[in-house]
Amino acid sequence: MKFKTVISLFFRNIGIRQTVIKNAFWLVGTQVAISLLNIVLLVLAARVLGATEYGKFAYAMAFVSIIAVMIDLGVSSIMTRELAKESEREKEFSSFFSLKIILSACFFLLTFSISFFITDDIFIRKIIWILSGFVFTESFFQIIYAFFRSRQKMEYEAIFHVGQVLAIIFCGVIAIIAAPSAESLSWGYFIGSSAVLFILLCCVHFWVVPLRWSFAKQSWMVILAMSWPLTFDFVASWMYLSVDTFMIGLFSQPHQVGLFSVATKIIAVIITIAGLVSRSFYPALSKFLKESKEKFQSIWDYNMKIAIALTLPLIVGGVMFASRIINAFYGPDYIASVPVFQVLIFLAGITLLSYPYNMVLAVCGYQKHNFVIIIIGFVTNIILNLLLFSSLGIYGVALATVITSMMVLLLTVALTYRLGIVVPLDWPLLKIFLAAAISCIVVFTILAQAPLYYLSIVFLVPLGIVLYGICMFFMEYISRTFLNASIL
-4 MKFKTVISLF FRNIGIRQTV IKNAFWLVGT QVAISLLNIV LLVLAARVLG ATEYGKFAYA
56 MAFVSIIAVM IDLGVSSIMT RELAKESERE KEFSSFFSLK IILSACFFLL TFSISFFITD
116 DIFIRKIIWI LSGFVFTESF FQIIYAFFRS RQKMEYEAIF HVGQVLAIIF CGVIAIIAAP
176 SAESLSWGYF IGSSAVLFIL LCCVHFWVVP LRWSFAKQSW MVILAMSWPL TFDFVASWMY
236 LSVDTFMIGL FSQPHQVGLF SVATKIIAVI ITIAGLVSRS FYPALSKFLK ESKEKFQSIW
296 DYNMKIAIAL TLPLIVGGVM FASRIINAFY GPDYIASVPV FQVLIFLAGI TLLSYPYNMV
356 LAVCGYQKHN FVIIIIGFVT NIILNLLLFS SLGIYGVALA TVITSMMVLL LTVALTYRLG
416 IVVPLDWPLL KIFLAAAISC IVVFTILAQA PLYYLSIVFL VPLGIVLYGI CMFFMEYISR
476 TFLNASIL
């Protein structure tokens, strides 16, 4: 195969599986790179600022993030779904974009107003205002990225997303070196993001689709009627962590927020990457919902197999090497975060399994049903936080979130089964689970041996990934040879 032909596979939509893999490559590959870059900045910030000052930044970011998700009302997600169904609907982009402007302005005003009631600390309040500006810019990135995803052109998103993060890191590092404080770090986020947003909007306006204001009240009502149940669909677990961080900040000191936050940052990266794996299937599922029931089920099965194959090693490895991971990233000052990380790694695994079910419910138009389940989860999480924080502290908050997410997963699976959208549990999925379980036992038995266990985490994680991949391909070979069936 010619080199140009190979390269074209990453920039053209040829077949169903190739397009899904191409989308996943750009979304997941980009997010991995971005996450590593983000971790570099956050680790540097945590080490330079200390747990208390970093806790102020984490508390403010958690608050503005909660408001931002609620104000978005699922508009970005619904735009991807609707525009992916019919290319002719791209003319409605102006309505979506204009509605996003209104919602973003409401977010900024609401955040500014509420900030006077949640804290008396003027410094934290200023951080909230600055980060509100950052999230305001972020909302426009999301609506443009949603448009790229509807066209299944995730490579465009990748370019600008990496550029945005590099700009934030550049400005953030300069800010905390010049004046090490949570406020300086916040300014770094805002300035870096704003600069790249200006370039993105210019490129989109002149070369992709004109950005026009469209006062279409009736269209806005139709969009919101479809979108509001999608408000938390793909960010529920991430929102749980934001609510947890915010509640700890209300009832405890910034130091405790800092300890909890360093663990959640790594978990949030994993959850984000997991979400992008499933999101890469979103346009294809939307396309084949009406065209082919068989292809629809096949694409969903492929998504679920990937989720199962990733979940088991993630949980086992996270629990086993938690202390090594926290110490490598943040140093011994944050060793108290290890138990939090060990508990929350189960949240990451549960989230991986939840995304395919959330995705199929959203694609099939059952977002209102899923929204009810998520709201039940939020209420349960808040109640459990209040009950367990008093006795177990930040570890109780982490445990409450895992219990809640497991309950939500079981309810979602039950709903999917009752509606008969897809076959949620079958023999192919059980086979991939058994293969992953056996591979985990083999890999982590090897890694637990003294010479390997004490390797640097930088080498240990890639080694584990390679060994796990070899085991899974060996299981695939056995299945094809002796059972005449594939597990992947």
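Numbering (my numbering), first residue to last: -4 to 483.
Every residue, glycine too, gets a C-beta built ideally from N, C-alpha and C.
- In the structure shown, the three-state DSSP call for F210 is coil.
- Around the CB of E289, fewer than 16 other CB atoms lie within 10 Å, so the residue is classed as exposed.
- In terms of Cα proximity to Y235, the closest of F283, A79, V157 and I398 is I398.
- For F185, the enclosing alpha helix (DSSP H) covers residues A177 to W202.
- Counting of Cβ neighbours within 10 angstroms places I138 among the buried residues, the total reaching 16 or more.
- When rounded, the separation of the alpha-carbon atoms in K212 and S281 is 26 Å.
- In the three-state DSSP reduction, L379 falls in the helix class (H, G or I).
- Spanning the alpha carbons of I436 and N322 requires a straight line of approximately 25 Å.
- Taking 8 Å as the cut-off, the beta carbon of F193 is found no closer than this to the beta carbon of Q159.
- When only Cα atoms are considered, A393 and G183 end up about 30 Å apart.
- For S90, the uninterrupted alpha helix (DSSP H) segment begins and ends at F88 to I113.
- The three-state secondary structure of G158, taken from DSSP, is helix.
- A contact between stretches requires three or more CB pairs, one per stretch, nearer than 8 Å, and the region 255 to 271 meets this requirement with the region 28 to 45.
- The three-state secondary structure of V417, taken from DSSP, is coil.
- Just measuring C-alpha positions, the residue of F165, E133 and I368 sitting nearest L196 is E133.
- Of all alpha-carbon atoms in P351, F201, I320 and V217, the one lying nearest the alpha-carbon of S273 is that of P351.
- The C-beta separation of A57 from F324 comes to about 19 Å, leaving the pair out of contact by the 8 Å criterion.
- In this structure, F88 sits near V204, with a CB-CB distance shorter than 8 Å.
- The three-state reading of DSSP puts S256 in helix, counting H, G and I together.
- Of all alpha-carbon atoms in I433, L78 and L254, the one lying nearest the alpha-carbon of P327 is that of L254.
- Close CB contacts of I301 within its chain, under the 8 Å cut and outside five residues either way in sequence, are with V272 (chain order).
- Residue state for F316 is assigned as coil, using DSSP reduced to three classes.
- Between the alpha carbons of E150 and F246 lies a distance of about 43 Å.
- For the pair I62 and L105, the CB atoms are nearer than the 8 Å cut-off.
- Counting only residues of its own chain and dropping the five nearest sequence neighbours on each side, T411 has a CB closer than 7 Å to the CB of Y352, V355, L356, V417 and P419.
- Segment contact: the region 309 to 323 against the region 98 to 118, fewer than three CB-CB distances shorter than 8 Å; contact not assigned.
- Nearest to I371 by alpha-carbon distance, out of F384, L347, T396 and T75, is T396.
- The DSSP-derived three-state label of G372 is helix.
- Of the candidates G244, D239 and A304, A304 places its Cα closest to the Cα of L425.
- Judged by beta-carbon spacing, V59 lies beyond the 8 Å limit of L94, meaning their Cβ atoms are not closer than that value.
- Taking 8 Å as the cut-off, the Cβ atoms of M401 and I345 count as close.
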